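Q:
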Amino acid sequence: MNAGARTDGRTLDGLVDRALAGELGPDPRTRRIAVAFTTSQAVRHDGRSGGYRNEVLSLRLDRAVGSCSVEPGSLPAGTVEDCAGAEVAGLLDHPLTAVRVAALDAYLMDVTPHAPAHGAEPVTVPAGTSLERSRARAAAVVELLDAVAPGGTVLVVGVVNSLLAELRSRGHVALPCDLKGGTTEWGEAVGTDALAEMGRCDAVLASGMTLGNGTFDPLRQHALEYGKPLVMFAQTGSAVLPRFLGAGVSAVCAEPYPFFWLDGGPGTIHRYRADDGGAL
Numbered sequence: 001m002n003a004g005a006r007t008d009g010r011t012l013d014g015l016v017d018r019a020l021a022g023e024l025g026p027d028p029r030t031r032r033i034a035v036a037f038t039t040s041q042a043v044r045h046d047g048r049s050g051g052y053r054n055e056v057l058s059l060r061l062d063r064a065v066g067s068c069s070v071e072p073g074s075l076p077a078g079t080v081e082d083c084a085g086a087e088v089a090g091l092l093d094h095p096l097t098a099v100r101v102a103a104l105d106a107y108l109m110d111v112t113p114h115a116p117a118h119g120a121e122p123v124t125v126p127a128g129t130s131l132e133r134s135r136a137r138a139a140a141v142v143e144l145l146d147a148v149a150p151g152g153t154v155l156v157v158g159v160v161n162s163l164l165a166e167l168r169s170r171g172h173v174a175l176p177c178d179l180k181g182g183t184t185e186w187g188e189a190v191g192t193d194a195l196a197e198m199g200r201c202d203a204v205l206a207s208g209m210t211l212g213n214g215t216f217d218p219l220r221q222h223a224l225e226y227g228k229p230l231v232m233f234a235q236t237g238s239a240v241l242p243r244f245l246g247a248g249v250s251a252v253c254a255e256p257y258p259f260f261w262l263d264g265g266p267g268t269i270h271r272y273r274a275d276d277g278g279a280l
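Position 183 of the sequence shown, counted from 1, bears residue number 183 in my numbering, the numbering being contiguous throughout.
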C-alpha cells in the first residue's frame, strides 16, 4: 500500500492510512517494535476426530501485543527478524498484509487498550482443558448474536467446531464457510465463497483472520448492503476490528495475546457492541 495515497477510512487500508498520518495517536515513525515472534500450534482434542494447525505473527509495542494469523509456514524467512526493532510506520507500509495487520493491531492496542472506558466488556474464560476453554469462549462469542432468533441461520466464516456446536445448542442453523473448504467435525461440507452465501443467512459470524487474507472489507460491505448483523471473533486484529463498529460490524469478541489455547488458567476476552459506540 502506498501511504501517500489516501483511501476510504472505512476500510482496513484506510485505517492504516489514518494511523500513518498520525490521526489515531502518536506519530508511528516515533514508535518501534521491541519484540517480534511467531506462535505455532497443532491441536487434536479428545473426543474429536480431526485436528488443525495455527500460526500467528505477533509484534510487541511497549505493553501492547498485536497479532495476525497466517497460513502455517507461509511467512518468508527473516520476517520476524525484519520486524524486530523496526519503526511502526515502516511496518504499516510493509508489503506483507500479515505484518501490516499485526503492526496496526499493536499500535491501536497501545493507543486504545481493551478496557471498559473504551467500550469493552471483559469476560472471563475460566481455567480448564483446551476444549473446555474453547467451549467457554464460543458461548461468549455466540451471545453477541442475541438479535438472531432461534432457528435463524448464521453464516460462520472461519470454521471453529466449538462455535458451530454452540450455535446448534441455541437452536441456530450454521452455514460453515472457510477458504480451505473441507468438512466439519460432523461431516458437513464447508463452503469457500462467503459472499455467495450472504443471501441465505440472517447474520454473519466471522474470524479476524479475514483481515489477514483480504476478505474482511468485502464481507463487511456485503453485511452493510444486505443489512445483516456481522459479529467478529478476533485473535487477529483484536484492537483493529472494534474500530469498525457501526461501519458494518455490529459486535466484536476481542481476544488479544496470550490466546485461550496457550495455557489452562483463566483469561479475559473483551466484547464490544456497536450500540456502545464505534471508534472509527
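Glycine is no exception: its CB is placed at the ideal position from the N, C-alpha and C atoms. Since the model is a prediction, treat every value here as computed from it, not as a measurement.
Under a three-way DSSP split, which group does residue 297 fall into?
A: As shown, the chain starts at 1 and ends at 280. That puts residue 297 outside it, with no answer to give.
Q: Closest to residue 173 by CA distance: which of 215, 202, 229 and 25 is it?
A: 202
Q: Hey, would you say residue 204 sits closer than 8 angstroms to residue 157, going by beta carbons?
A: yes
Q: State the Cα-Cα distance for the pair residue 264 and residue 129, rounded to the nearest angstrom.
A: 6 angstroms
Q: In chain order, what residues of the same chain lie with their CB nearer than 7 angstroms to the CB of residue 80, ignoring the 5 residues before and after it?
A: 36, 37 and 38
Q: Applying the criterion that 16 or more other CB atoms from any shown protein chain within 10 Å of the CB defines a buried residue, is residue 180 buried or exposed?
A: exposed
Q: Between which two residues does the beta strand (DSSP E) harbouring residue 272 extend?
A: 267-273
Q: Based on the DSSP output, what are the partners of residue 59 in its beta bridges?
A: According to DSSP, which records beta bridges pairwise, residue 59 is partnered with 36 and 66.
Q: Kindly identify the DSSP beta-bridge partner or partners of residue 53.
A: 42
Q: Quick check on DSSP: helix, strand or coil for residue 97?
A: helix
Q: Anyone know if the C-beta pair for residue 60 and residue 42 falls short of 8 angstroms?
A: no
Q: Quick check on the burial criterion: 16 or more other C-beta atoms within 10 angstroms. Buried or exposed for residue 164?
A: Per the 10 Å Cβ criterion, buried.
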